[in-house]
Amino acid sequence: MIIVLKRGTSRETIDKFSTALKKNYDVTVNEWQGVNETVLGLIGDTVSIDIDYINAQDIVYSVKRVQEPYKKANRKFHPEDTVITLSNGAKIGDGSLSILAGPCSVESQQQVTEIAKAVKDFGATVLRGGAFKPRTSPYAFQGLKAEGLEYLKRAREETGLPIVTEIMSETDIDLFSDVDIIQVGARNMQNFSLLKRLGKLDKPILLKRGLSATIEEWLMSAEYIMAEGNQQVILCERGIRTYEKFTRNTLDLSAIPVIKKLSHLPIIIDPSHATGQSWLVEPMAMAAVAAGADGLIIEVHNDPPHALCDGAQSLTPEEFHRVVDKVRKIKSVI
Ligand code: PEP
Ligand code: MN
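Numbering-wise, my numbering comes out as the position in the sequence shown, counting from 1, plus 573.
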């Protein structure tokens with residue numbers, strides 16, 4: 574961290590400030606005396622330093638971080654890739670291509686089981702399905718909640734596929750004890766009390782990128798989970814808000830190599846929520862795999878026009894089959 578002090582700061586004040594920094598944080602302080610300015614360089618564990626606090630000090634002209642504010646999620650401190658092992662032994666982030674697929678929302682036992690069987694036959698490795706649905710309108714279908722979770726577990730029993738499903742509130746956490754991967758949706762990416770609670774679990778967490786979150790904010794949310802002890806975080810890019818209206822969101826594919834550079838956590842891509850239209854899922858899924866994604870999460874419905882949520886972006890099982898074939902081919906040549 575680089576701190577530029579205001580001109581004219583007295584020797585005594587600089588010394589007092591330096592001593593306080595060394596006392597309060599695990600850092601060494603180097604000082605450079607320029608013609609007009611004094612610059613302090615802090616080396617060590619700077620992640621716990623609140624940059625706003627430093628900026629608020631009377632003698633500080635400006636302050637800049639040179640080290641990322643996240644540590645556990647940072648590749649610098651953990652060079653090897655994190656590999657997540659699911660309850661059935663399947664792995665995410667080990668160089669294989671994970672395919673998470675299923676309906677946007679669980680609608681009935683029959684619906685989710687039928688889709689689970691189809692996606693399994695066509696190459697899915699994890700079954701997705703929302704039981705608690707974050708809808709923009711309070712009048713829209715909100716999900717089957719606890720009942721939906723039971724249907725998902727039943728579908729898991731029938732297919733052997735691990736399940737991933739979204740939690741919306743920490744008050745529901747006990748209902749998720751038997752879920753294989755807990756999803757934190759885009760709208761909850763900065764629900765810090767939820768993240769902290771999930772950090773106390775020994776369970777993989779799928780952390781979706783917020784609608785307008787920067788990559789650093791997203792990694793700081795992963796850090797919230799990891800700082801509490803749970804290192805099993807899978808990142809999911811699902812499109813961000815831009816001025817473009819043609820697609821539901823704008824898929825930030827550059828997030829894949831950027832995350833790979835900055836972090837050791839696996840990253841998967843959600844081309845369904847990123848585009849909002851089923852015909853765009855295939856090209857974006859292929860591009861994501863080409864760019865190095867560890868997996869894809871794709872919405873599949875047995876009857877998209879009658880889906881209770883996100884029908885327009887849902888693939889039929891046959892369309893899903895085609896996409897899986899294509900992405901596996903891409904994977905085999907990269
Ligand atoms: C979902 O996966 O069904 C979902 C609501 O996703 P997101 O949080 O990315 O909008
Ligand atoms: Mn959806």
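Just so you know, even glycine gets a beta-carbon here, dropped at the ideal spot from N, CA and C.
Query: C-beta contact flag for glycine 783 and alanine 759 at 7 Å; Result: yes
Query: At least 3 beta-carbon pairs within less than 8 Å: the stretch 788 to 803 vs the stretch 671 to 690; Result: no
Query: Cβ neighbour criterion (16 or more within 10 Å) applied to valine 906; Result: exposed
Query: Cβ distance (whole Å) where isoleucine 688 is taken to contact valine 873 below 8 Å; Result: 6 Å
Query: Helix, strand or coil at threonine 744 according to DSSP, with G and I counted as helix; Result: helix
Query: Status (buried if at least 16 other CB within 10 Å, exposed otherwise) for tryptophan 908; Result: Outside the displayed span of the chain (574 to 907) sits residue 908, for which this structure offers no information.
Query: Candidates Ala713, Ile736 and Ser591, of which the one nearest glutamate 723 by Cα; Result: Ile736
Query: Range covered by the beta strand (DSSP E) that runs through threonine 586; Result: Premise fails: threonine 586 lies in the alpha helix (DSSP H), 584 to 597, not in any beta strand (DSSP E).
Query: heavy atom of the ligand MN below 6 Å from aspartate 599 C-beta; Result: no
Query: DSSP beta-bridge partners of lysine 781; Result: Cys809
Query: Isoleucine 903 and alanine 866 closer than 7 Å at C-beta; Result: no
Query: Inter-residue CB distance, alanine 847 and methionine 859 (contact presumed, cutoff 8 Å); Result: The Cβ separation is near 13 Å, so there is no contact.
Query: Within 7 Å, strictly: CB atoms of arginine 648 and histidine 837; Result: yes
Query: Complete beta strand (DSSP E) runs within the stretch 811 to 844 (minimum length 3 residues, chain order); Result: 840 to 842
Query: Residue range of the alpha helix (DSSP H) that includes isoleucine 632; Result: Segment: none, isoleucine 632 is in no alpha helix (DSSP H) and carries neither H nor E.
Query: Close-in-space but distant-in-sequence residues of the same chain around glutamine 630 (CB under 6 Å, 5 per side omitted); Result: none
Query: Close beta carbons around isoleucine 740, own chain, < 6 Å, minus the five adjacent residues each side; Result: Phe749 and Ile755
Query: Any non-hydrogen atom of the ligand PEP closer than 6 Å to glycine 758 Cβ; Result: yes
Query: Cβ neighbour criterion (16 or more within 10 Å) applied to glutamate 789; Result: exposed
Query: From Leu578, Phe695 and Leu826, residue whose alpha carbon lies closest to that of valine 608; Result: Leu578
Query: Strand pairing of isoleucine 672, partner residues [DSSP]; Result: Leu869
Query: Simplified DSSP state of asparagine 761, which is helix, strand or coil; Result: helix
Query: Ranges of the beta strand (DSSP E) found wholly within the stretch 645 to 715, counting only runs of at least 3; Result: 671 to 675 and 699 to 701
Query: Cβ shell of lysine 769 (< 7 Å), same chain only, five flanking positions each side left out; Result: Tyr797 and Glu801
Query: Beta-carbon proximity check, threonine 601 vs glycine 617, cutoff 7 Å; Result: yes
Query: Close Cβ partners of asparagine 597 (< 7 Å) along its chain, the five nearest in sequence each way excluded; Result: none
Query: Arginine 708: CB within 6 Å of a non-hydrogen atom of the ligand PEP; Result: no
Query: Per-residue burial, phenylalanine 705 [other beta carbons within 10 Å of its own, 16 or more giving buried]; Result: buried
Query: Helix, strand or coil at leucine 725 [DSSP, three-state]; Result: helix
Query: Continuous beta strand (DSSP E) stretch holding valine 561: start and end; Result: Residue 561 is absent from the structure shown; the chain starts at 574 and stops at 907.
Query: Buried or exposed (CB count within 10 angstroms, at least 16 for buried), arginine 811; Result: buried
Query: Spatial neighbours of glutamate 641 in its chain, beta-carbon cut-off 6 Å, leaving aside the 5 residues before and after; Result: Asn647
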